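Participant: Chains as they are written, first to last, in my numbering: chain W, -17 to 265; chain B, -17 to 265; chain F, -17 to 265; chain P, -17 to 265. Just so you know, even glycine gets a beta-carbon here, dropped at the ideal spot from N, CA and C. Computed from a prediction, not measured in an experiment: that's the story for all the values here.
4 protein chains.
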Amino acid sequence: MKLWFTENHSPNVTFSMKVDEHLYTGKSEFQKIDILQTAEFGRILTLDGLVMVTEKDEFIYHDMITHVAMATNPSIKKVLVIGAGDGGTVRELTKYATIEHIDMVEIDKMVVDVCKEYLPQTASKLDDPRVHLHFEDGLKFIRSKNDEYDLIIVDSTDPFGPGEGLFTKEFYGNCYKALNEEGILVNQHESPFYEEDALGMQRAHQRIIGFFPICKVYQVHIPTYPSGHWLFGFASKKFDPIKDLQADDWNNLGLQTKYYNTDVHVGSFALPNYVKEQLEDVE
Amino acid sequence: MKLWFTENHSPNVTFSMKVDEHLYTGKSEFQKIDILQTAEFGRILTLDGLVMVTEKDEFIYHDMITHVAMATNPSIKKVLVIGAGDGGTVRELTKYATIEHIDMVEIDKMVVDVCKEYLPQTASKLDDPRVHLHFEDGLKFIRSKNDEYDLIIVDSTDPFGPGEGLFTKEFYGNCYKALNEEGILVNQHESPFYEEDALGMQRAHQRIIGFFPICKVYQVHIPTYPSGHWLFGFASKKFDPIKDLQADDWNNLGLQTKYYNTDVHVGSFALPNYVKEQLEDVE
Amino acid sequence: MKLWFTENHSPNVTFSMKVDEHLYTGKSEFQKIDILQTAEFGRILTLDGLVMVTEKDEFIYHDMITHVAMATNPSIKKVLVIGAGDGGTVRELTKYATIEHIDMVEIDKMVVDVCKEYLPQTASKLDDPRVHLHFEDGLKFIRSKNDEYDLIIVDSTDPFGPGEGLFTKEFYGNCYKALNEEGILVNQHESPFYEEDALGMQRAHQRIIGFFPICKVYQVHIPTYPSGHWLFGFASKKFDPIKDLQADDWNNLGLQTKYYNTDVHVGSFALPNYVKEQLEDVE
Amino acid sequence: MKLWFTENHSPNVTFSMKVDEHLYTGKSEFQKIDILQTAEFGRILTLDGLVMVTEKDEFIYHDMITHVAMATNPSIKKVLVIGAGDGGTVRELTKYATIEHIDMVEIDKMVVDVCKEYLPQTASKLDDPRVHLHFEDGLKFIRSKNDEYDLIIVDSTDPFGPGEGLFTKEFYGNCYKALNEEGILVNQHESPFYEEDALGMQRAHQRIIGFFPICKVYQVHIPTYPSGHWLFGFASKKFDPIKDLQADDWNNLGLQTKYYNTDVHVGSFALPNYVKEQLEDVE
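This is the structure in structure tokens:
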């Protein structure tokens, strides 16, 4: 049967996946949630019709949103994850025995419930005793936090819809405040290629550099995201992701990863000229 | 008007571009040739319905197929380019005053003629006096060459259809023979992500390592190619693309590039674990 | 969410419907069965990816496959329905108090079960005490029948796949045998517009005229079938659908129909010249 | 190459045709004009992205917009055609030796020029000496006409965009005035199936019955128009299209038609109940 899910990557570009089965559809207080069984990518989660996670390539996103910070500062103990309802980021974090406490703040409980049922591949570690789930607005949650976290990961949806507030100046300011002196912020940073995404990326970068002394951007190949060229922001009060990379320490941990390694860590910060120029335009 | 061009990126994945105008269609002895004016990517060239070049992102491909070798060995004087009928690879090569002679062997003259008319952005330098166009089969052309070139760039179509022979063992053996002792081979290497592309990539790698002592693979973000994650093979008799990189020399040339820089050069060789494993499986 | 079901109406024409939810997917011994909730057509049933029934326009098909014969011979008492797993044809037949016995032979029990659960609009009358369901091959069922039915309705899928045998000469011969002297055969007859459908229609017509003295074809507007221009074959041993139409009798029954009326009955036998020529070509 | 033209038949339904070549694109003062070579339908003309004419099925539309009136009143001598830039309606009219004068009023000269070049199949008779082309607004043209025409054919685009005014009360009133006492108006009447089309049809019907004593609607199978179920309005001061049909006269003319015949003429006025109800709702 020709049943296809289509996502606009730009107003004039679409990306379509053959669907074997529409496993779940629901509407939460915040957004429409769907799980599709696709022929190429396994199960996928969409929110308001946009792909969030696919079983086939989620490892890339979750490796890269997590291990870069962890390999830069192996002493990270307390982590705040904002968004990330599918659980993939938490799954990667729980691989580190040294992490003692993970607060995960997801505004939409229904996303977590649906992922637990349909995406055990990502949601499997949400029951780890170190993980504390908070179903509330990340913006509000963080306001009362001071000097508390070693790492904040902002694993947001796109900067429109429910995730919009996670791209504001106020929010990044509160992230700074909530981090301790060794604090690192990793931010889902959109893409440099299509115009709208690039504007979102520039706005995020511009706002973050207003607070953090060290702000770098690194890139990753995520085939199911628009253009396949995705960025993360690395901001910190103290650590430089290249100079302070503890490659040997990280490699000695013996973690199994399918995308990340310490060479990729370094290489991913080498940005193409056109991306560097987009960043410099707002610095 | 809703007129869209669609390409299958895998049997179960499609990528579609809104078309403003179908500027040219023709059928050569070898393949169907079309030029489309798209809303997002400017003009695109398709061969047998597959995207070869788009005005919007061709700079990425052509930067990376050319400058990595040139920055590794700035003494390159004689180059052979196989395929590359759009002229973009030659355009980049002609930026180097030190290059004295470029043989470009394209089997399909009609591709070159069409690109000269419709894609001046890539085809503009095909009239450079150092460029010698040969409209013949690259496989045959190279058989009679011995110890002649400093650099061979295989800018082929996919390993099926007219470009098929450019992925054979015999062909890579002849490339080795045609190169002098300082010779470098750069090969369009397909992609690691979708199954069929990954098999093509593994076959190419396996065949090349049978001849060359140094064989590396580097990656690049090309949004309009399947998965956006594309690879090139770097093989050489003598030069290592990292250790021998002449970064200062290259930067002193002052060339304008939108993707390539000497940091990206190094970073692009840092491959994700799953790609390293695909390569190791055939080594 | 952009989730669309697409059906090829010809190799070069597609018809697509926005899907709100994929309610059911299953695979029977005979075919793939899916129920989709569409935005325009309500629920639809597809078999092997081809639309069989939509809630929005099924009334057209079921009116016209049933009432034309019933208004021609109001004395019909015993009916055989072949195929028609969705139940819509039986639903229309049960509106006639004068019908005493309906044998419905559907090869695929799973189709009936799925329709009972998901398409009560069509399947609601399958429990009428006059209806006798036989889950077996219509071709075999009919072989042993002689001089038994007043009406046979062949409500088949397309003439390839499980429905293929229902378009053979042997089958139509058995229909003739199974009908009594007043017998009428109504046959789902494909479409005159796209080439493959027209060939199927011509084959069916050619085979039926080999057996029945009276063979007419009538047309109907079914928007969700290829071209929207659909045909039924009316064959009988005695009755002419125009001359013998008992319009007053039928109108006195006071049945509620959304498409059929006795003027449409007559009008539907007035075929365009190009359709008449297709039929004459095989007569 | 997968190049497809897609038209929305409703917001939730699309119809797509494989395109071999985009032969022409242009923008007139009034609308975007495109000619596409399709694999199934031959050349098609689209205005603002909507299909107006295809070589494969235009005969249906042009037969039925013309011959119904001509067979009802064989004495028609002076005809006004509004719209119809492709020339197909005029082509059919010129088959009648008895017609002396045809005024064709098309607002957009570029449509006529493009059709003359790319669609000779329909535009071939625009040079007939009886045909007088007026490139102006049909609404204005008709205001000064009184008691002049035997037949007016309104061959408009849809009731939005440039064709909008051709669906107003003022316009139909002027048509009445421009017709003589034997005058007939034939109006392109949209479709009963999809909601928006049905509303347009009802509005047209309601406005026309305000002026003409005889108002009938007839139907036709046009596969490339939304739902394939299309309607025309027949309004007149004197003639009833059924009672006054001069079947023998028309058949004696010996005209070659692929769709129309005098049986189809009668049959096409037999409307399904749901269409009759739509009309009665506004009568």
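In the DSSP output, what is C197(P) paired with across the bridge?
Facilitator: In the fourth sequence, the residue the question calls residue 197(P) occupies position 215. According to DSSP, C197(P) bridges with A217(P).
Participant: Rounded to whole angstroms, what's the CA-CA distance from V96(F) to G65(F)? Just pull it up for me.
Facilitator: Translated into the one-based positions of the third sequence, residue 96(F) becomes position 114. Translated into the one-based positions of the third sequence, residue 65(F) becomes position 83. Distance between the alpha carbons of V96(F) and G65(F): 15 angstroms.
Participant: Go ahead and pull the three-state DSSP assignment for Q170(P).
Facilitator: Looking up residue 170(P) in the fourth sequence gives position 188. DSSP places Q170(P) in strand when its eight states are reduced to three.
Participant: Near V246(F), which residues of its chain fall below 7 angstroms by C-beta distance, leaving aside the five closest residues on each side in sequence?
Facilitator: Position 264 of the third sequence holds residue 246(F). Closer than 7 angstroms at the Cβ level, and outside the excluded window around V246(F), lies no residue.
Participant: Does the beta carbon of F(-13)(F) sit closer than 8 angstroms to a beta carbon anywhere in chain W?
Facilitator: Here residue -13(F) corresponds to residue number 5 of the third sequence, with the count starting at 1. Interface residue, yes.
Participant: Looking at H83(P) and K60(P), is the spacing between their C-beta atoms short of 8 angstroms?
Facilitator: Reading the fourth sequence from its first residue, position 78 is the one you call residue 60(P). Reading the fourth sequence from its first residue, position 101 is the one you call residue 83(P). A contact, by the Cβ cut-off of 8 angstroms.
Participant: Use the C-beta contact count for G192(F): other C-beta atoms within 10 angstroms, 16 or more gives buried, fewer gives exposed.
Facilitator: For the purposes of this step, residue 192(F) is taken as the residue at position 210 of the third sequence. The residue in question, G192(F), is exposed, as its Cβ has fewer than 16 Cβ neighbours within 10 Å.
Participant: Nearest to N233(P) by CA position, among L133(P), H49(P), L32(P), V(-5)(P), is which residue?
Facilitator: On the fourth sequence, residue 233(P) is found 251 positions in, with the first residue counted as 1. Selected option, being the one with the closest Cα: H49(P).
Participant: Check L75(F) in the structure and name its three-state DSSP category.
Facilitator: Within the third sequence, the letter at position 93 stands for residue 75(F). If DSSP states are grouped into helix, strand and coil, L75(F) belongs with the helices.
Participant: List the endpoints of the continuous beta strand (DSSP E) containing T(-12)(B).
Facilitator: As a working mapping, residue -12(B) is identified with position 6 in the second sequence. -16 to -8 is the span of the beta strand (DSSP E), which, as asked, contains T(-12)(B).
Participant: Measure from the alpha carbon of S(-8)(P) to the alpha carbon of each residue in Y200(P), Y207(P), R73(P), then state which is nearest.
Facilitator: Here residue -8(P) is taken as the residue at index 10 of the fourth sequence, counted from 1. Ranking Y200(P), Y207(P), R73(P) by Cα distance to S(-8)(P) puts Y207(P) first.
Participant: Terminal residues of the continuous beta strand (DSSP E) containing Q103(F)?
Facilitator: Translated into positions along the third sequence, residue 103(F) becomes position 121. Careful: Q103(F) lies outside any beta strand (DSSP E), inside the alpha helix (DSSP H) at 102 to 105.
Participant: Report, in whole angstroms, the separation of the C-beta atoms of H116(P) and M86(P), which I expect to be a contact under 8 angstroms.
Facilitator: As a first step, residue 116(P) must be located in the fourth sequence, where it is residue number 134. As a first step, residue 86(P) must be located in the fourth sequence, where it is residue number 104. With 8 angstroms as the limit, H116(P) and M86(P) qualify as a contact, their Cβ atoms being about 7 angstroms apart.
Participant: Does the distance from the CB of Y241(W) to the CB of I47(W) come in under 8 angstroms?
Facilitator: Here residue 241(W) refers to the residue found at position 259 when the first sequence is read from its first residue. Here residue 47(W) refers to the residue found at position 65 when the first sequence is read from its first residue. Against a cut-off of 8 angstroms, the Cβ pair of I47(W) and Y241(W) comes out as no contact.
Participant: As a quick exercise: from Q103(W), I58(W), T28(W), pick the residue whose alpha carbon is nearest that of E37(W).
Facilitator: Here residue 37(W) is taken as the residue at index 55 of the first sequence, counted from 1. With distances taken between Cα atoms, E37(W) lies closest to Q103(W).
Participant: Is DSSP giving V87(W) helix, strand or coil here?
Facilitator: As a position in the first sequence, residue 87(W) is number 105, starting the count at 1. Correct three-state label for V87(W): strand.
Participant: Along chain B, in chain order, which residues have C-beta atoms closer than 8 angstroms to that of V1(P)?
Facilitator: Reading the fourth sequence from its first residue, position 19 is the one you call residue 1(P). Chain B residues near V1(P): L(-15), H4.
Participant: Along the chain, where does the beta strand (DSSP E) that runs through L133(F) open and close?
Facilitator: Within the third sequence, numbered from 1, the residue matching residue 133(F) stands at position 151. Start and end: 131 to 137.
Participant: Compare the C-beta of G31(F) with all C-beta atoms of chain W and state if any pair is closer than 8 angstroms.
Facilitator: Mapped onto the third sequence, residue 31(F) falls at position 49. With 8 angstroms as the cut-off, G31(F) counts as an interface residue toward chain W.
Participant: Give a yes or no on whether the minimum CB-CB distance between K9(F) and chain W is below 8 angstroms.
Facilitator: Position 27 of the third sequence, counted from the start, is the residue given in the question as residue 9(F). False, the Cβ-Cβ gap to chain W never drops below 8 angstroms.
Participant: Reducing DSSP to helix, strand and coil, say where V248(W) ends up.
Facilitator: Position 266 of the first sequence, counting from 1, holds the residue named residue 248(W). V248(W) falls in the helix class under three-state DSSP.
Participant: Unbroken beta strand (DSSP E) runs of length 3 or more, entirely within the region -11 to 46 of chain W: which are they?
Facilitator: Counting only runs of 3 or more, we get -5 to 9, 14 to 20, 24 to 29, 32 to 36.
Participant: Starting from the C-beta of G147(F), find all residues in its chain whose C-beta is less than 8 angstroms away, skip the five residues before and the five after it, and write them out in chain order.
Facilitator: Indexing the third sequence from 1 puts residue 147(F) at position 165. Only D119, G120, L121, F153 meet the Cβ criterion.
Participant: Per DSSP, what are the beta-bridge partners of W232(B) in this structure?
Facilitator: Within the second sequence, numbered from 1, the residue matching residue 232(B) stands at position 250. DSSP output for W232(B) lists no bridge partner at all.
Participant: Going along chain P, which residues have a C-beta under 7 angstroms from T48(B)?
Facilitator: Counting from one through the second sequence, the residue named residue 48(B) turns up at place 66. Near T48(B) there are no residues of chain P at all, since even the closest Cβ is about 28 angstroms away, more than 7 angstroms.
Participant: Between the alpha carbons of K159(P) and A53(P), how many angstroms are there, rounded?
Facilitator: Position 177 of the fourth sequence, counted from the start, is the residue given in the question as residue 159(P). Position 71 of the fourth sequence, counted from the start, is the residue given in the question as residue 53(P). Answer to the nearest angstrom: the Cα atoms are 23 angstroms apart.
Participant: Out of curiosity, what's the CA-to-CA distance linking L62(F) and L133(F)?
Facilitator: For this step, residue 62(F) is matched to residue 80 along the third sequence. For this step, residue 133(F) is matched to residue 151 along the third sequence. Cα to Cα, the separation comes out at about 6 angstroms.
Participant: Contact check, S173(B) vs S138(B) under 8 angstroms by CB: the rounded distance?
Facilitator: As a first step, residue 173(B) must be located in the second sequence, where it is residue number 191. As a first step, residue 138(B) must be located in the second sequence, where it is residue number 156. S173(B) to S138(B), Cβ: 14 angstroms. No contact.
Participant: Below 7 angstroms between beta carbons is the criterion; list the residues of the region 205 to 218 of chain B that meet it against any residue of chain W, in chain order.
Facilitator: Cβ contacts with chain W: P205, S209, G210, H211.
Participant: What's the call for T71(F), buried or exposed, on a 16-neighbour Cβ count within 10 Å?
Facilitator: The residue given as residue 71(F) occupies position 89 in the third sequence. Classification for T71(F): buried.
Participant: Identify every residue that forms a DSSP beta bridge with H114(P).
Facilitator: Here residue 114(P) is taken as the residue at index 132 of the fourth sequence, counted from 1. Note: H114(P) sits in a beta bridge opposite D85(P).
Participant: Which residues in the same chain have their Cβ closer than 6 angstroms to the Cβ of D226(B), if we skip the five residues on either side of it in sequence?
Facilitator: Here residue 226(B) is taken as the residue at index 244 of the second sequence, counted from 1. Taken in chain order, the residues that qualify are T54.
Participant: Between the C-alpha atoms of D90(F) and Y176(F), what's the straight-line distance to the nearest angstrom?
Facilitator: In the third sequence, the residue the question calls residue 90(F) occupies position 108. In the third sequence, the residue the question calls residue 176(F) occupies position 194. For D90(F) and Y176(F), the distance between alpha carbons rounds to 28 angstroms.
Participant: Please confirm if D68(W) has its CB atom under 8 angstroms from at least one CB of chain F.
Facilitator: Indexing the first sequence from 1 puts residue 68(W) at position 86. Chain F contact via Cβ: absent.
Participant: DSSP puts L237(P) in a beta bridge; with which residues?
Facilitator: Taking the first residue of the fourth sequence as position 1, residue 237(P) is located at position 255. The partner list for L237(P) (beta bridge, DSSP) is empty, contrary to what the question assumes.
Participant: Say whether the region 156 to 171 of chain W touches the region 123 to 131 of chain W, bearing in mind that this needs 3 or more beta-carbon pairs closer than 8 angstroms, one atom from each stretch.
Facilitator: Touching, per the Cβ criterion.
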